[in-house]
Amino acid sequence: MKEENYEEIKELVEIMVEESIHNPTDYCSNFIYSQYPESIHILFEHPGIFLDKYGRKVYREDGTELELDVAELVGPDDFITQKSTINVEYQTTPLERGKIDAIFDYKLYLIHKTNLPSLSVVISNLERGKKMKCYESRNNIFNVLHIGKGEEEDVRKKINILKNKIESEEEISEIEGLYFSYIAIFVKPHIRKKVMEELSHIFKEIEIRDHNLRLNTHHVLKVMIKATFKDDEEKTRELLTMITQGLNKEDYSKLSIFERMAEEIRVKDEINDNNINIIFNKNNEISDLHEELSNLRKENEELKLQLKNQNTGG
0 MKEENYEEIK ELVEIMVEES IHNPTDYCSN FIYSQYPESI HILFEHPGIF
50 LDKYGRKVYR EDGTELELDV AELVGPDDFI TQKSTINVEY QTTPLERGKI
100 DAIFDYKLYL IHKTNLPSLS VVISNLERGK KMKCYESRNN IFNVLHIGKG
150 EEEDVRKKIN ILKNKIESEE EISEIEGLYF SYIAIFVKPH IRKKVMEELS
200 HIFKEIEIRD HNLRLNTHHV LKVMIKATFK DDEEKTRELL TMITQGLNKE
250 DYSKLSIFER MAEEIRVKDE INDNNINIIF NKNNEISDLH EELSNLRKEN
300 EELKLQLKNQ NTGG
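Residues in the sequence shown are numbered from 0 upward in steps of one, following numbering that gives the first Met the number 0.
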């Protein structure tokens, strides 16, 4: 590490160490897709030809919010026979019942929104190859395409491509630059620590000329290093320092701003979530008050009727 950069890098690493992200794997997959939707579509092997992406948030008829990882408009390929939509879920844990219901609800939403067929897809490091699985959601049977990722052979192949780029001093493509994120997200748990350390060494040495790709990749590696070595602060600091050494010096100020912006976004999201909960609770209170008022009105009408009957009888 150059002496003149030591304190600056150390300060940046301290900022990174203090940050916290809920569900780091979900966060990283959603973050990197938001930056490079078409390239991630290709790299993660989404079915169909990428045409466009849709928003992730949907509101069910009962007012509850639904949010999945990816929704896309796709054209036909070897698997998709006609213009369609897909909703994709990235998974590193088994599917739970609530997630299955959400996948089905999003599928229905896309069908109603576009009047096109819709395919549900789960991309996971828990399985191998591609296979269709049948699920039941609220008495509806539907198919989900499962695509396995993160096999050691696949990870090793991509790592070797990155290493060869260092040796040959060839320019790295956007897809190849996204190998870092792909591996960090899907690598199998039993080799995760070894691979994350290897990726950190490679990132330090490789040249990524696109500064946005460089910073975005650094961001994903940072999050996944912290998640992988959460019980080893010394190793976390070592690898965070290493990947930050892989940046150009002119990136440092941008990185500092980038990290702080990401933190501000997370804080705003938390505030928004809290506000949504407050509004939801207030709406429930208002609903209860409306119901109570309605009951009082009914009682009042009944009392008026009783009083009228008494007067008539008198």
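All C-beta atoms, glycine included, are put in the ideal place defined by N, C-alpha and C.
Considering only the beta carbon of each residue, do residue i and residue j sit closer than 9 angstroms?
i    : j    : result
N139 : T91  : no
R55  : L67  : yes
P75  : G97  : no
I171 : I207 : yes
A70  : Y53  : yes
L177 : L212 : yes
L220 : A183 : yes
K330 : M15  : The structure shown has nothing for residue 330, since the chain only spans 0 to 313.
I158 : L198 : yes
G245 : H217 : yes
L109 : T80  : no
I31  : S136 : no
K148 : F185 : yes
T243 : K192 : no
K132 : H145 : yes
Can you check which of these residues, the options, is closest to residue i by C-alpha distance?
i    : options                : result
I8   : N294, I165, I158, D250 : D250
V73  : K297, D231, F202, P116 : P116
G128 : I201, F43, M241, F179  : F43
K106 : S119, S293, K229       : S119
I102 : V143, G147, T63, Y35   : V143
N114 : Q34, K82, D104         : K82
Y35  : L94, K297, I174        : I174
Within 10 Å of its beta-carbon, does residue i have 16 or more other beta-carbons around it, so buried, or fewer, so exposed?
i    : result
D51  : exposed
N86  : buried
H210 : exposed
H189 : exposed
H40  : buried
I201 : buried
I275 : Residue placement at I275 is flagged as unreliable, the pLDDT there being 49, under the threshold of 50; the coordinate-derived value follows with that caveat. Under this definition I275 is an exposed residue.
D77  : exposed
M0   : Only weak support is given to the placement of M0: the predicted model assigns it a pLDDT of 42, under 50, and the question is left unresolved by the model.
Is residue i helix, strand or coil by DSSP?
i    : result
N163 : helix
T113 : helix
N294 : helix
E204 : helix
I275 : At I275, the pLDDT of 49 sits below 50, so the modelled position is not reliable and the matter cannot be decided from this model.
F78  : coil
E196 : helix
V186 : coil
S136 : strand
N86  : strand
Step through the CB atoms of chain B and report whether any lies within less than 9 angstroms of the CB of residue i.
i    : result
M195 : The structure shown contains no chain B; it holds only a single protein chain.
Over the uninterrupted alpha helix (DSSP H) stretch that includes residue i, give me the two end residues.
i    : result
N211 : 210-227
Q34  : 23-34
Q244 : 232-244
G176 : 173-176
In the DSSP assignment, find the beta strand (DSSP E) that holds residue i and state where it starts and stops.
i   : result
Y53 : Looking at the DSSP string, Y53 is not in any beta strand (DSSP E), and its letter there is neither H nor E.
T91 : Neither: T91 is in no beta strand (DSSP E) and is coded neither H nor E.
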